[in-house]
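Each remark here refers to the structure printed beneath this line.
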Amino acid sequence: AVRATGTAFFLPTLITDTPEVTAAAVAAVDAAIAAGVSGIAGIHLEGPFLNPARAGVHRAELMAPATQPAVAALPLSRRGATLVTLAPERAEPGAIADLAARGAVVFAGHTEADFATMERAAAEGLAGATHVHNAMAPATSREPAAVGAALAVDGLYAGLIADGHHVHPAQVKLLLRAKPPDRAVLVTDAMPTLGADIERFDLLGQEIRLGNGRLVTADGRLAGAHLRLGMAVANAMAFAGIDLASALATVTRNPAQALRLWPGLGRLEGSPGALTLYDPASGQAQVLTLG
Numbered sequence: 162a163v164r165a166t167g168t169a170f171f172l173p174t175l176i177t178d179t180p181e182v183t184a185a186a187v188a189a190v191d192a193a194i195a196a197g198v199s200g201i202a203g204i205h206l207e208g209p210f211l212n213p214a215r216a217g218v219h220r221a222e223l224m225a226p227a228t229q230p231a232v233a234a235l236p237l238s239r240r241g242a243t244l245v246t247l248a249p250e251r252a253e254p255g256a257i258a259d260l261a262a263r264g265a266v267v268f269a270g271h272t273e274a275d276f277a278t279m280e281r282a283a284a285e286g287l288a289g290a291t292h293v294h295n296a297m298a299p300a301t302s303r304e305p306a307a308v309g310a311a312l313a314v315d316g317l318y319a320g321l322i323a324d325g326h327h328v329h330p331a332q333v334k335l336l337l338r339a340k341p342p343d344r345a346v347l348v349t350d351a352m353p354t355l356g357a358d359i360e361r362f363d364l365l366g367q368e369i370r371l372g373n374g375r376l377v378t379a380d381g382r383l384a385g386a387h388l389r390l391g392m393a394v395a396n397a398m399a400f401a402g403i404d405l406a407s408a409l410a411t412v413t414r415n416p417a418q419a420l421r422l423w424p425g426l427g428r429l430e431g432s433p434g435a436l437t438l439y440d441p442a443s444g445q446a447q448v449l450t451l452g
């Protein structure tokens, strides 16, 4: 279903859950990769080391501090990349470095971290921010906070949901102009409605509905996105005025580089990858081959 939407490689995402469910999800992803299921590049563990104050649709009662014993017990993919989103202010000293040493790529998200905390986390191995502007402390004149760090710390990757609902188009423009060309990453945050003929589904006991291109809970909170990656590229060009080559880098070279995927993925000559047809006018993409 994901490939049918024009995405060649992706990370299945598990939001905050129990240790048992987390272990089962990692095992399922590894089994799928071992079985040759195309397109799965690893797993994204969006939790449990998040800040309950920025829970969103996650179950706050399952969130926990990122202590060194806790991160040591976190299962990581043995066959693909593991992206771990955590709140840096909930990570004890050494925890981020420990995750990075085990091979995880660590991003900040669902966080109340201030700028200084983000800088310290970056020095310890934090690689980026998952959904800039969403579920994180906003920048103010005297406290740049997590959002300001994502934009101002050049080495950090900045992930963005460019659907026009999660982030104002002007903020998309600011981010794409602020970050070095190889540090901006567009993501879909796609949910089960994408590529399927459904308009509602259950998420941890909450009914999520699709309406006017937005996925929301009963009380109107955003819950993921109904966004094709090709449309994110088209939106980036429209919102920020960047050219096609720059926009395509945010969904090819940059995420592959951030996740340390197969050498050369996301580039051209002599590299693994996918042949994808893309129409920038419509935002439609079709994956033809993988390899």
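Offset between the sequence shown (1-based) and my numbering: plus 161.
Positions of the beta carbon are idealized from the N, C-alpha and C atoms, including for glycine.
- As summarised for the region 232-300, the continuous beta strand (DSSP E) elements at least 3 residues long and confined to that stretch are 242-247, 266-269, given in chain order.
- Leaving aside the five residues that flank LEU364 on each side, the residues in its chain whose CB is nearer than 7 Å to its CB run, in chain order, VAL218, ALA384.
- Listed in chain order, the beta strand (DSSP E) elements of length 3 or more contained wholly in the region 323-411 are 345-348, 361-364, 367-372, 375-377.
- Fewer than three pairs of CB atoms, one per stretch, sit closer than 8 Å, so the region 294-308 makes no contact with the region 366-381.
- Short of 8 Å from the beta carbon of HIS387, and not among the five residues preceding or following it, lie these beta carbons of its own chain, in chain order: ASP324, ALA351, MET352, THR354, LEU355, LEU371, GLY374, ARG375, LEU376.
- Take THR166, set aside five residues on each side of it, and the residues of its chain with a beta-carbon closer than 6 Å to its own are LEU355, GLY356, ARG389, in chain order.
- Beta bridge pairing from DSSP links LEU175 with LEU206.
- Taking C-beta separations shorter than 7 Å and ignoring five residues to either side along the sequence, the partners of THR411 in its chain run ALA345, VAL346, LEU347, ALA397, following chain order.
- The criterion of a C-beta distance shorter than 8 Å is not satisfied by GLY289 and ALA300.
- Per DSSP, the beta bridge partners of ALA227 are ALA252.
- Burial state of ARG382 is exposed, judged by a 10 Å Cβ sphere holding fewer than 16 other Cβ atoms.
- Proximity to VAL333 across ASP343, GLY316, LEU211, LEU312 peaks at LEU312, based on C-alpha coordinates.
- Residue range 306-313 is occupied by the alpha helix (DSSP H) that includes LEU312.
- Note that the C-beta distance between LEU172 and LEU237 is not below 8 Å.
- Here the alpha carbon of ALA188 sits roughly 25 Å from the alpha carbon of ALA252.
- Secondary structure of ALA196 (DSSP, three-state): coil.
- Of the candidates ALA202, GLU181, PRO180, the residue whose Cα lies closest to the Cα of VAL190 is ALA202.
- Pairing ALA193 with GLU304, the inter-Cα distance amounts to about 44 Å.
- One Cα belongs to LEU337, the other to THR272, and the distance between them is close to 21 Å.
- Across the structure, GLU285 and GLN445 are spaced so that their CA atoms are roughly 39 Å apart.
- In this structure, ALA169 places its C-beta atom within 8 Å of the C-beta atom of VAL448.
- For ALA417, the enclosing alpha helix (DSSP H) has its first and last residue at 414-419.
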